[in-house]
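Q: Just so we're aligned, residue 446 is where the sequence shown starts under the working numbering, counting upward by one. Every residue gets a Cβ at the ideal spot worked out from N, C-alpha and C, and that includes glycine. Got a structure for you, questions after.
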Amino acid sequence: MPAKKWVVRILIGIGAILAAIVILDLIIFVATLSRIPSIISQADQESGFNSPDYNTAHSIALRARDHRPLTEGDMVTLERLSNNPHWSVRGEAVAALSNLGSTPQATKAASIARAKLNDPDKDVRGLAQQALALLKPPDAQRHRN
C-alpha cells in the first residue's frame, strides 16, 4: 500500500508541474497577442506601407489607372517618391508610371522609369521595365520612324 501512495504523489506532482507549464505558456501567449498590433505597425513603418508617401503614390497611381490627367505637380511627386528609401513607396510610384501610355506625361514617366532600372530592389526594377514596355512617349515614336 505505501508504494501506491508514493506513485500517486509523484503523479500528482507531475500533474502540478504540467499545469504550471500550461499556465506559463498561456501567460506568454496572451502577452504576445497584446504586442501583435505594435509589431504589425512597426513592420508597416519599416516597409513603407501605410506611410503618407505610400498613400500619396497609391492615390496618384489610381488616378493614372483611371485615365484621369496627372498634373505637373503629380509628376514631380512621383519622381520624388521614386527615390524614397522604402522599396514599397518607390515601387508604387514606378507602378503609377505604367498607366500613362501616350499621355503628355509619358516622356517624363519614361525618364523616371529608366532611372529605376538600376534600383537596389528587384521588384522596383521589374516595375520600371514594365512601365517602359507600356509607355509610348512622343519622342519614342519619332525614333521608331
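Kindly indicate which residue of Thr501, Asp566 and Met520 has the alpha-carbon position closest to the one of Thr418.
A: The question about residue 418 has no answer, for the chain in this structure spans 446 to 590.
Q: Between Asp498, Ile455 and Gly493, which lies nearest to Arg525 when the distance is taken from Cα to Cα?
A: To locate residue 525, count along the sequence shown from 1; it is residue 80. Among Asp498, Ile455 and Gly493, the Cα nearest to that of Arg525 belongs to Asp498.
Q: Quick one: grab the DSSP three-state call for Val452.
A: By one-based count along the sequence shown, residue 452 stands at place 7. Here Val452 sits in helix by DSSP.
Q: Tell me which residue opens and which closes the alpha helix (DSSP H) that His503 is part of.
A: Residue mapping note: residue 503 aligns to position 58 of the sequence shown, counting from 1. Pro497 to Arg510 is the extent of the alpha helix (DSSP H) around His503.
Q: Tell me the residue span of the alpha helix (DSSP H) that contains Gly571.
A: As a working mapping, residue 571 is identified with position 126 in the sequence shown. Counting along the chain, the alpha helix (DSSP H) containing Gly571 begins and ends at Lys567 to Leu579.
Q: Buried or exposed: Ala465, going by 16 or more other Cβ atoms within 10 Å of its Cβ?
A: Stepping through the sequence shown from its first residue, residue 465 is reached at position 20. Label assigned to Ala465: exposed.
Q: Please classify Ile473: is it buried, with 16 or more other beta-carbons within 10 angstroms of its beta-carbon, or exposed?
A: Reading the sequence shown from its first residue, position 28 is the one you call residue 473. The residue in question, Ile473, is exposed, as its Cβ has fewer than 16 Cβ neighbours within 10 Å.
Q: Flag this pair as yes or no: are the beta carbons of Gly536 and Asp511 separated by less than 8 Å?
A: Taking the sequence shown and counting its residues from 1, one reaches residue 536 at position 91. Taking the sequence shown and counting its residues from 1, one reaches residue 511 at position 66. Contact: no.
Q: Does DSSP classify Leu526 as helix, strand or coil?
A: As a working mapping, residue 526 is identified with position 81 in the sequence shown. Here Leu526 sits in helix by DSSP.
Q: Taking the straight line between their C-alpha atoms, what separation do you get for Trp451 and Leu469?
A: Position 6 of the sequence shown, counted from the start, is the residue given in the question as residue 451. Position 24 of the sequence shown, counted from the start, is the residue given in the question as residue 469. Answer to the nearest angstrom: the Cα atoms are 27 Å apart.
Q: Quick check: Ser496 and His531, are their CB atoms within less than 8 Å of each other?
A: The residue you call residue 496 lines up with position 51 of the sequence shown. The residue you call residue 531 lines up with position 86 of the sequence shown. Their beta carbons are under 8 Å apart, which means Ser496 touches His531 by this criterion.
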